[in-house]
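Student: Number 32 in full-length UniProt numbering belongs to position 32 of the sequence shown; there are no gaps in the numbering.
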Amino acid sequence: MLRPQFYCLIFGISVTIMLVGCQQKSTDKNRQNTKGDQVITLIARCKAKPPTEDWRGNNLIAAAEAVNAELQAIGDKRGVRIQLIQDDKDWGAYKTEFELASDANQASDIILSGHEHIGDWASANLILPITSKIPNHPEFGDIIPSLWQATEWNNERWGIPQDAEVRPLYYSKPILRKLGWSDERIENLPNQITKGKFTWLDMLQVAEQAVNQKIVAPGNGWWHRSQNGPDFLYYYLAHGGEILNQDGILVFDRQAVLKVYQLL
1 MLRPQFYCLI FGISVTIMLV GCQQKSTDKN RQNTKGDQVI TLIARCKAKP
51 PTEDWRGNNL IAAAEAVNAE LQAIGDKRGV RIQLIQDDKD WGAYKTEFEL
101 ASDANQASDI ILSGHEHIGD WASANLILPI TSKIPNHPEF GDIIPSLWQA
151 TEWNNERWGI PQDAEVRPLY YSKPILRKLG WSDERIENLP NQITKGKFTW
201 LDMLQVAEQA VNQKIVAPGN GWWHRSQNGP DFLYYYLAHG GEILNQDGIL
251 VFDRQAVLKV YQLL
């Protein structure tokens with residue numbers, strides 16, 4: 001069912017948002033000048049929203065060009081061509097497409113997705129481990145060590161980290177000034193957060209103060225993610241919720257979830 005040697009998973013540490021789908025289209029970058037008596041075509045499937053994310057698939061094109069240059073330099077008659085399918089399809093449809101294509105033995109050789117699917121896709125034999133191949137590529141030596149943990153399942157590594165996201169906290173300086181904060185205090189806020197002297201509870205108290213003083217409308221003291229996504233898990237964990245118990249059994253902490261809903 002798998003295409004040996006070339007089938008792997010490229011992943012982002014976390015998925016930022018659920019994006020609106022659009023009609024699938026090919027890219028002109030598929031027209032590559034590939035020299036060699038034996039051209040190996042690899043199909044890569046990537047979800048991206050140009051122009052800020054299309055590097056996800058375009059970097060594979062650049063990698064193939066580098067590989068072909070190296071092969072030509074050593075007189076190797078082989079060549080690599082990337083057939084890139086990159087669009088902004090909805091994540092649910094995108095992943096279902098891959099799973100159904102795998103069942104039909106028509107899946108792409110390379111798939112970009114979140115690391116959260118390594119467990120189910122690996123256990124379903126949809127992707128191959130690449131643990132033994134990673135040491136052969138020194139370019140992966142500068143990847144932040146902790147990122148590798150997200151690629152691991154069953155004592156194997158199943159992907160290469162390509163995107164580490166952050167979850168920034170934004171605050172309104174004009175509103176803080178209306179609350180009586182000095183410019184010095186405002187500019188020092190990131191440092192206070194880093195030191196643990198300004199916590200999530202402090203943020204909620206400031207938000208409540210802004211509402212009580214009618215600086216912002218009720219419900220606008222703080223804004224969370226507006227749609228479903230992984231970010232709500234942080235609130236669950238912050239209220240003492242657990243995902244797995246010591247025996248590895250899934251846990252749903254009703255009290256922690258209730259506190260999160262009351263907060264939201």
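Backbone N, C-alpha and C fix where the C-beta goes; we use that ideal spot for every residue, glycine too. Just so we're clear, the structure is a prediction, and the values are computed from it rather than from any experiment.
Evaluate residue 174 with the Cβ neighbour count: other Cβ atoms within 10 Å of its Cβ, from every protein chain shown; 16 or more gives buried, anything less gives exposed.
Tutor: With fewer than 16 Cβ atoms within 10 Å of its Cβ, residue 174 is classed as exposed.
Student: Would you mind stating whether residue 236 and residue 257 have Cβ atoms separated by less than 8 Å?
Tutor: Result yes, Cβ atoms of residue 236 and residue 257 sit closer than 8 Å.
Student: From the beta carbon of residue 207, is the nearest beta carbon of chain B less than 8 Å away?
Tutor: The displayed structure is made up of one protein chain only, and chain B is not part of it.
Student: How about residue 201 and residue 222: are their beta carbons less than 8 Å apart?
Tutor: Not a contact, by the Cβ cut-off of 8 Å.
Student: Using 8 Å as the threshold, is the C-beta distance between residue 264 and residue 224 below it?
Tutor: For residue 264 and residue 224, yes; Cβs fall inside 8 Å.
Student: For residue 150 and residue 164, what's the separation of their Cα atoms in angstroms?
Tutor: If you take the alpha carbons of residue 150 and residue 164, they lie about 11 Å apart.
Student: Short of 8 Å in beta carbon distance, which residues of its chain neighbour residue 157, apart from the five on each side in sequence? Order them along the chain.
Tutor: For residue 157, where only same-chain residues beyond five positions count, the Cβ hits under 8 Å are 129, 130, 131, 134, 148, 151.
Student: Residues in its own chain within less than 6 Å of residue 41 by CB, not counting five upstream and five downstream?
Tutor: Closer than 6 Å at Cβ, skipping near neighbours: 81, 83.
Student: For the beta strand (DSSP E) that residue 268 lies in, which residues bound it at each end?
Tutor: Lying outside 1 to 264, the shown extent of the chain, residue 268 is not represented and no answer is given.
Student: Along the chain, which unbroken stretches of the alpha helix (DSSP H) at least 4 residues long are found entirely within the region 152-218?
Tutor: Within the region 152-218, the complete alpha helix (DSSP H) runs of at least 4 residues are 173-178, 183-187, 189-194, 200-212.
Student: For a test of the three-state rule: what should DSSP assign to residue 79, helix, strand or coil?
Tutor: Of the three classes helix, strand and coil, the one that applies to residue 79 here is strand, per DSSP.
Student: Going by DSSP, name the residue or residues bridged to residue 87.
Tutor: Beta-bridge pairing links residue 87 to 47.
Student: Measure from the alpha carbon of residue 228 to the alpha carbon of each residue in 168, 92, 198, 155, then state which is nearest.
Tutor: Residue 92 is the option with its Cα nearest to residue 228.
Student: From residue 85 to residue 99, what distance separates their C-alpha atoms?
Tutor: In a straight line, the C-alpha of residue 85 is about 16 Å away from that of residue 99.
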